Amino acid sequence: MEQAYFRFYGKLNDFLPPYKRQTSFVHVLKEPAAVKDPIEALGVPHPEVALILVSGESVNFSYLVQDGDRISVYPKFRSLDISLLSQVQPQPLTHIRFILDVHLGKLATYLRLLGFDALYQNDYQDQELADLASQTKRVLLTKDRGVLKRSIVTYGYCVRESNPEPHVLEVLQHFDLVGEITPLQRCLRCNGSLQPVSKESVCDRLPSQTRQHYEEFSICQACGNIYWKGAHHERMQQFIDRVLHHKHH
Ligand SMILES: [Zn+2]
Numbered sequence: 003m004e005q006a007y008f009r010f011y012g013k014l015n016d017f018l019p020p021y022k023r024q025t026s027f028v029h030v031l032k033e034p035a036a037v038k039d040p041i042e043a044l045g046v047p048h049p050e051v052a053l054i055l056v057s058g059e060s061v062n063f064s065y066l067v068q069d070g071d072r073i074s075v076y077p078k079f080r081s082l083d084i085s086l087l088s089q090v091q092p093q094p095l096t097h098i099r100f101i102l103d104v105h106l107g108k109l110a111t112y113l114r115l116l117g118f119d120a121l122y123q124n125d126y127q128d129q130e131l132a133d134l135a136s137q138t139k140r141v142l143l144t145k146d147r148g149v150l151k152r153s154i155v156t157y158g159y160c161v162r163e164s165n166p167e168p169h170v171l172e173v174l175q176h177f178d179l180v181g182e183i184t185p186l187q188r189c190l191r192c193n194g195s196l197q198p199v200s201k202e203s204v205c206d207r208l209p210s211q212t213r214q215h216y217e218e219f220s221i222c223q224a225c226g227n228i229y230w231k232g233a234h235h236e237r238m239q240q241f242i243d244r245v246l247h248h249k250h251h
């Protein structure tokens with residue numbers, strides 16, 4: 003039986019019961035195990051772990067826990083590059099794309115609104131989500147930390163807040179994407195990318211009011227849905243402004 007002392011930092015504490023937060027505590031292992039096992043048994047999904055130090059030394063997920071180890075577990079730091087130190091961080095993604103679980107449909111729409119590639123279907127099963135995330139190197143966003151613990155999931159984040167709009171802020175801040183917002187680039191309905199089209203080419207598909215008042219149109223390359231800066235556009239712009247200014251409301 004091994005005994006190790008664990009301490010979790012930053013947002014990883016969200017996964018722990020209150021008495022284990024922001025403090026060192028002892029954890030007993032019934033049998034020798036790789037450090038990833040007790041971390042996940044304590045509730046923290048591995049894709050959120052960015053750095054593990056054992057007595058000050060950086061280790062990887064398969065490090066075998068020794069009796070008396072002092073283990074510090076850190077989340078991703080937004081302001082600090084630990085890629086040279088970390089032995090658990092995967093290859094950074096050059097272009098972040100998402101896949102979302104069935105409970106996050108509104109978040110998917112918001113992400114698309116802001117121009118991010120957000121794959122979502124309201125009937126994805128957990129295995130399918132994990133497989134797709136792994137095969138397509140997408141970041142799995144979920145409210146269910148269990149699916150993040152599947153070993154094939156490399157990139158993932160467990161969404162904490164409960165309203166869709168703060169979710170967006172939380173995700174953009176976590177992945178440092180606020181500067182990469184490009185509105186009106188994604189189809190809200192299917193996640194396809196939008197291309198500008200001439201008014202003539204879509205004229206016969208427009209409501210007559212729209213035909214009278216608008217000149218600029220985009221079309222979804224995948225499903226053919228047409229977009230223009232209609233009445234909802236101002237509300238959308240306000241939403242984007244709120245996001246850009248990091249404001250909750
Ligand atoms: Zn579409």
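Heads up, the sequence shown is in the working numbering, so the first residue is 3 and it goes up one at a time. From the three backbone atoms N, C-alpha and C, an ideal C-beta is built for every residue, glycine too. The structure displayed is predicted, hence computed values, not measured ones.
In the DSSP annotation of this structure, the continuous segment of the alpha helix (DSSP H) that includes G148 starts and ends at 147 to 150.
Taking non-hydrogen atoms of ligand 1 into account, the C-beta of G107 is found less than 7 angstroms away from none of them. Comparing alpha-carbon positions, the option among E42, P47, I98, E218 lying closest to G232 turns out to be E218. What you get when you keep residues with a C-beta closer than 6 angstroms to any heavy atom of ligand 1 is C189, R191, C192, G194, C222, A224, C225, N227.
In this structure, the beta-carbon distance from V245 to L174 falls below 8 angstroms. By the neighbour-count criterion, in which 16 or more other beta carbons inside 10 Å mark a residue as buried, F10 falls on the buried side. Here the alpha carbons of L171 and K201 stand approximately 34 angstroms from one another. Linking L44 to D16 through their CA atoms gives a straight-line distance of about 11 angstroms.
The Cβ neighbour count for K32, taken over all protein chains shown within 10 Å, is under 16; the residue is labelled exposed. With respect to the C-alpha of I101, the residue from W230, L196, Q91, L113 having the closest C-alpha is L113. Taking 8 angstroms as the cut-off, the beta carbon of S136 is found no closer than this to the beta carbon of V161.
Contact annotation: the region 70 to 80 does not touch the region 136 to 154, with fewer than three C-beta pairs closer than 8 angstroms. Secondary structure within the region 86 to 158: the alpha helix (DSSP H) runs of 4 or more consecutive residues, fully enclosed, are 107 to 115, 128 to 138, 147 to 150 (chain order). Around the beta carbon of H169, 16 or more other beta carbons sit within 10 angstroms, so the residue counts as buried. Annotation: the region 157 to 239 contains the following complete segments of the beta strand (DSSP E) (minimum length 3 residues), in chain order: 158 to 160, 196 to 199, 219 to 222, 228 to 230. Going by beta carbons, Q197 and I228 fall outside the 8 angstroms limit. The straight-line gap separating the alpha-carbon atoms of E59 and T138 is approximately 32 angstroms.
By the neighbour-count definition (other C-beta atoms within 10 Å, threshold 16), C205 is an exposed residue.
Looking at the DSSP output, H29 sits in a beta bridge with A6. Along the region 13 to 74, the alpha helix (DSSP H) occurs as fully enclosed runs of 4 or more residues at 38 to 43, listed in sequence order. Rounded to the nearest angstrom, the gap between the Cα atoms of R152 and V141 is 13 angstroms. Residue pairing by DSSP puts Y76 in a beta bridge opposite L53.
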